[in-house]
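A.B. asks: Reading the sequence shown from the start, the letters are residues 299 to 692 in our numbering. I have a structure I would like to understand better, so I am pasting it below and will then ask my questions one at a time.
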Amino acid sequence: MITIGVTGGIAAYKIIDVASLLTKKGYEVQAVMTKNATEFVAPLTFSTITSKPVIVDMFKQEKDGAVLHIEIAKKTELLLIAPATANIIAKLKNGLADDFLTTMTLATKCKVVIAPAMNSNMYTNQIVQENIEYLKSKGFLFIEPDSGLLACGDIGIGKLPTADKIVSYVLKTIEEMNIKQDLLGKKYLITAGRTVEAIDPMRYLSNYSTGKMGYALATMAQKRGAIVTLISGPTNLKPPAGVTVVNVRSAMEMYEEVHKYFKDTDVVIKAAAVADFRPKEVQQDKIKKGADTLTLELIKNPDILKSLGDAKENQILVGFAAESENLIENAINKLNSKNLDIIVANNIKQDGAGFNTDTNIATIIDKSGKINNLSKMSKEELANIILDKTRMER
Ligand code: C5P
Numbered sequence: 299m300i301t302i303g304v305t306g307g308i309a310a311y312k313i314i315d316v317a318s319l320l321t322k323k324g325y326e327v328q329a330v331m332t333k334n335a336t337e338f339v340a341p342l343t344f345s346t347i348t349s350k351p352v353i354v355d356m357f358k359q360e361k362d363g364a365v366l367h368i369e370i371a372k373k374t375e376l377l378l379i380a381p382a383t384a385n386i387i388a389k390l391k392n393g394l395a396d397d398f399l400t401t402m403t404l405a406t407k408c409k410v411v412i413a414p415a416m417n418s419n420m421y422t423n424q425i426v427q428e429n430i431e432y433l434k435s436k437g438f439l440f441i442e443p444d445s446g447l448l449a450c451g452d453i454g455i456g457k458l459p460t461a462d463k464i465v466s467y468v469l470k471t472i473e474e475m476n477i478k479q480d481l482l483g484k485k486y487l488i489t490a491g492r493t494v495e496a497i498d499p500m501r502y503l504s505n506y507s508t509g510k511m512g513y514a515l516a517t518m519a520q521k522r523g524a525i526v527t528l529i530s531g532p533t534n535l536k537p538p539a540g541v542t543v544v545n546v547r548s549a550m551e552m553y554e555e556v557h558k559y560f561k562d563t564d565v566v567i568k569a570a571a572v573a574d575f576r577p578k579e580v581q582q583d584k585i586k587k588g589a590d591t592l593t594l595e596l597i598k599n600p601d602i603l604k605s606l607g608d609a610k611e612n613q614i615l616v617g618f619a620a621e622s623e624n625l626i627e628n629a630i631n632k633l634n635s636k637n638l639d640i641i642v643a644n645n646i647k648q649d650g651a652g653f654n655t656d657t658n659i660a661t662i663i664d665k666s667g668k669i670n671n672l673s674k675m676s677k678e679e680l681a682n683i684i685l686d687k688t689r690m691e692r
């Protein structure tokens, strides 16, 4: 059941649409209103839409002697408080329980999503912002208000987002709540992105890897309950929530960091595109363009994955093989020579695979020789299949 707590703001009328959309999607919706909210919208509107009596008063709703706020608190899978006034946010921050909504919020163990809506001066007031930060630190989720023309005539942040936006946030939260926690407590070490090998103070050697595959793996592993450390080369991607990110630049730095964590890890997934060579010497000053030719001497970087294969105890080791020819044969050779448990191979020449795309076309091969050819799919979907496979190998 989704409970919607409506508080006394002008945006309360917008929540009629939210209740209606969720009801139409088949959710059981219970509306709870504060007394002030009933000044803006009649409870009858919500009870008609949700086909349930609206709860306003703490003491008029006893049902067969049951303690209603506890019963509703237990039945609720997600509590949405929208619009949330500065007042309700302050009350929740201080643990007050002086009406039905605040009392049931204290009594519930479910996810609470809060959509603040108020005048922008109120919203940006340091006290309100500190209250929001405090509640966030306790696990409350907040939907950021929109900016625009407010009911009071001011322009600024504080507008309740559209019903569609609120509903998609609620549905996304429910989807995440339902993700299986099958990697709970397992330690995953994931590498992502490219490495950058310095030539002089302003130039480097690198490749086109964006880090999307490694970031998708880290994101999905974290959502499935794993404790994730992500060793990342330079990318433009946002650090995944709840993941420890260690930023590195060169292959040598990645080598060092990976080995720091390796011993205390259950599964390592090396999705990074590591440079095989680096300039033998990094020039201290910018190389001048005087000469017609320039020869750079390169030396080999350590193969990080192979060094892990050599040092492996009980860890599951997953490598990637980006190939442009003889995909399977090359991938199997890598699986064996690097002592891996699983290799994910893709043909970088194929459309929709490899670097710089949101999709991938992969073949997963395990150490028993099982070959699984997958179709084109998003990197998140592929990440989940790879993570499934790491469980089966344990
Ligand atoms: O041998 P190849 O470079 O094709 O192998 C790719 C796999 O090895 C990837 O998982 C990549 O992260 C890893 N690798 C590594 N260190 C290197 C080169 C590749 O860990 N120096």
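Even glycine gets a Cβ: it sits at the ideal position worked out from N, Cα and C. Quantities reported herein were computed from a predicted structural model and do not represent experimental measurements.
Using the beta-carbon of each residue, find all residues closer than 5 Å to any heavy atom of the ligand C5P and list them in chain order.
C.D. replies: Taken from the N-terminal end onward, the list reads LYS568, ALA570, VAL572, ASN599, ASP601, ILE602, LEU603, GLY617 and PHE618.
A.B. asks: Measuring CB atoms only, is the region 568–581 touching the region 599–615, in the sense that at least three cross pairs come out at less than 8 Å?
C.D. replies: yes
A.B. asks: Hey, out of LYS521, LYS561 and PRO459, whose CA is closest to LYS312's CA?
C.D. replies: Taking the first residue of the sequence shown as 1, we reach residue 312 at position 14. Checked all of LYS521, LYS561 and PRO459; the closest Cα to LYS312 is PRO459.
A.B. asks: Can you tell me whether GLY531 is helix, strand or coil according to DSSP?
C.D. replies: In the sequence shown, the residue the question calls residue 531 occupies position 233. In the structure shown, GLY531 sits in coil (DSSP, three-state: anything other than H, G, I, E or B).
A.B. asks: Got a sec, what are the start and stop residues for the alpha helix (DSSP H) GLN520 sits in?
C.D. replies: Sequence index remark: in the sequence shown, residue 520 carries index 222 (1-based). Where GLN520 is concerned, the enclosing alpha helix (DSSP H) stretches over 510–521.
A.B. asks: Given this structure, state the Cα-to-Cα distance separating LEU378 from GLY456, to the nearest angstrom.
C.D. replies: For the purposes of this step, residue 378 is identified with residue 80 of the sequence shown, where counting begins at 1. For the purposes of this step, residue 456 is identified with residue 158 of the sequence shown, where counting begins at 1. Computed Cα separation, rounded: 17 Å.
A.B. asks: Grab the span of the alpha helix (DSSP H) containing THR332 for me, first residue to last.
C.D. replies: Taking the first residue of the sequence shown as position 1, residue 332 is located at position 34. No alpha helix (DSSP H) contains THR332, which DSSP labels as neither H nor E.
A.B. asks: Quick check on the burial criterion: 16 or more other C-beta atoms within 10 angstroms. Buried or exposed for MET690?
C.D. replies: Locating residue 690 in the sequence shown gives position 392, counting from the first residue. Exposed, because fewer than 16 other Cβ atoms sit within 10 Å of the Cβ of MET690.
A.B. asks: Rounded to the nearest angstrom, what separates CYS408 and GLU474 at their Cα positions?
C.D. replies: If you number the sequence shown from 1, residue 408 lands on position 110. If you number the sequence shown from 1, residue 474 lands on position 176. The alpha-carbon atoms of CYS408 and GLU474 are separated by roughly 13 Å.
A.B. asks: Go through its chain and collect everything with a Cβ distance to TYR325's Cβ below 8 Å, but skip five positions before and after it.
C.D. replies: The residue you call residue 325 lines up with position 27 of the sequence shown. Cβ within range, chain order: MET299 and ILE300.
A.B. asks: DSSP three-state label for SER676, please.
C.D. replies: Position 378 of the sequence shown holds residue 676. DSSP places SER676 within a strand segment (E or B) once states are collapsed to three.
A.B. asks: Closest to TYR559 by CA distance: which of THR348, THR591, ILE525 and LYS687 is it?
C.D. replies: Within the sequence shown, residue 559 is the residue found at index 261, counting from 1. When each option's Cα is compared against that of TYR559, the closest is ILE525.
A.B. asks: Whose C-beta lies closer than 7 Å to the C-beta of LYS521 among residues of the same chain, with five residues either side of it excluded?
C.D. replies: Here the question's residue 521 lines up with position 223 in the sequence shown. Once the five neighbours on either side are set aside, the close Cβ partners of LYS521 are GLU474 and ILE477.
A.B. asks: Only counting the same chain, and skipping five residues up and downstream in sequence, which positions put a Cβ closer than 8 Å to that of GLN613?
C.D. replies: Translated into the one-based positions of the sequence shown, residue 613 becomes position 315. Counting only Cβ-Cβ distances below 8 Å, and skipping sequence neighbours, we find PHE560, THR563, ASP564, VAL565, VAL566 and LEU606.
A.B. asks: Is PHE357 buried or exposed, if buried means 16 or more other CB atoms sit within 10 Å of its CB?
C.D. replies: In the sequence shown, residue 357 corresponds to position 59, counting from 1. Exposed is the call here.
A.B. asks: Return the first residue and the last residue of the beta strand (DSSP E) that ALA643 is part of.
C.D. replies: Taking the first residue of the sequence shown as 1, we reach residue 643 at position 345. Taken as a continuous stretch (DSSP letters only), the beta strand (DSSP E) holding ALA643 covers 640–645.
A.B. asks: Given this structure, state the Cα-to-Cα distance separating SER676 from GLU555, to the nearest angstrom.
C.D. replies: Within the sequence shown, numbered from 1, the residue matching residue 676 stands at position 378. Within the sequence shown, numbered from 1, the residue matching residue 555 stands at position 257. SER676 and GLU555: Cα-Cα distance of roughly 29 Å.
A.B. asks: Can you find a C-beta in chain D that's less than 7 Å from the C-beta of THR406?
C.D. replies: Looking for chain D here will not work: only one protein chain is present.
A.B. asks: In chain order, what residues of the same chain lie with their CB nearer than 6 Å to the CB of LEU487, ignoring the 5 residues before and after it?
C.D. replies: Here residue 487 corresponds to residue number 189 of the sequence shown, with the count starting at 1. Excluding sequence neighbours, LEU487 sits near THR527, TYR559, THR563 and VAL566.
A.B. asks: Starting from ASP444, follow the beta strand (DSSP E) in both directions and report where the run begins and ends.
C.D. replies: What you label residue 444 is simply residue 146 of the sequence shown in a count that begins at 1. 444–447 is the span of the beta strand (DSSP E), which, as asked, contains ASP444.
A.B. asks: For a test of the three-state rule: what should DSSP assign to ASN682, helix, strand or coil?
C.D. replies: Taking the sequence shown and counting its residues from 1, the one referred to as residue 682 is at position 384. Note: ASN682 maps to helix in three-state DSSP.
A.B. asks: Grab the span of the beta strand (DSSP E) containing THR401 for me, first residue to last.
C.D. replies: The residue you call residue 401 lines up with position 103 of the sequence shown. Run containing THR401: none in the beta strand (DSSP E); it sits in the alpha helix (DSSP H), 398–405.
A.B. asks: Excluding sequence positions up to five away, which residues of its chain have a Cβ less than 7 Å from the Cβ of THR489?
C.D. replies: As a working note, residue 489 is residue 191 in the sequence shown. Only GLY512, ILE529, MET552, VAL556, LYS568, ALA569 and ALA570 meet the Cβ criterion.
A.B. asks: Just to confirm the assignment, what range does the alpha helix (DSSP H) spanning PRO341 have?
C.D. replies: Sequence index remark: in the sequence shown, residue 341 carries index 43 (1-based). Taken as a continuous stretch (DSSP letters only), the alpha helix (DSSP H) holding PRO341 covers 341–348.
A.B. asks: Between ILE663 and ALA629, how many whole angstroms is the CB-CB distance? I'm expecting something under 8 Å.
C.D. replies: As a working mapping, residue 663 is identified with position 365 in the sequence shown. As a working mapping, residue 629 is identified with position 331 in the sequence shown. Confirmed, Cβ separation roughly 6 Å.
A.B. asks: With distance defined between alpha-carbon atoms, name the residue in GLU611, ASP649, ASN682 and ASP608 nearest to VAL642.
C.D. replies: For the purposes of this step, residue 642 is taken as residue 344 along the sequence shown, with counting starting at 1. Looking at the Cα atoms, ASN682 is the closest of the given residues.
A.B. asks: Confirm, please, whether the CB-CB distance from ALA309 to ALA415 is below 7 Å.
C.D. replies: As a first step, residue 415 is located in the sequence shown; it is residue number 117 there, counting from the start. As a first step, residue 309 is located in the sequence shown; it is residue number 11 there, counting from the start. Taking 7 Å as the Cβ cut-off, ALA415 and ALA309 qualify as a contacting pair.
A.B. asks: Where does TYR506 sit, in a helix, a strand or coil, going by DSSP?
C.D. replies: Taking the first residue of the sequence shown as position 1, residue 506 is located at position 208. It is coil, neither helix nor strand.
A.B. asks: Check whether the Cβ atoms of GLY491 and SER507 sit closer than 7 Å, and answer yes or no.
C.D. replies: For the purposes of this step, residue 491 is taken as residue 193 along the sequence shown, with counting starting at 1. For the purposes of this step, residue 507 is taken as residue 209 along the sequence shown, with counting starting at 1. With contacts defined as CB atoms closer than 7 Å, GLY491 and SER507 qualify as a contacting pair.
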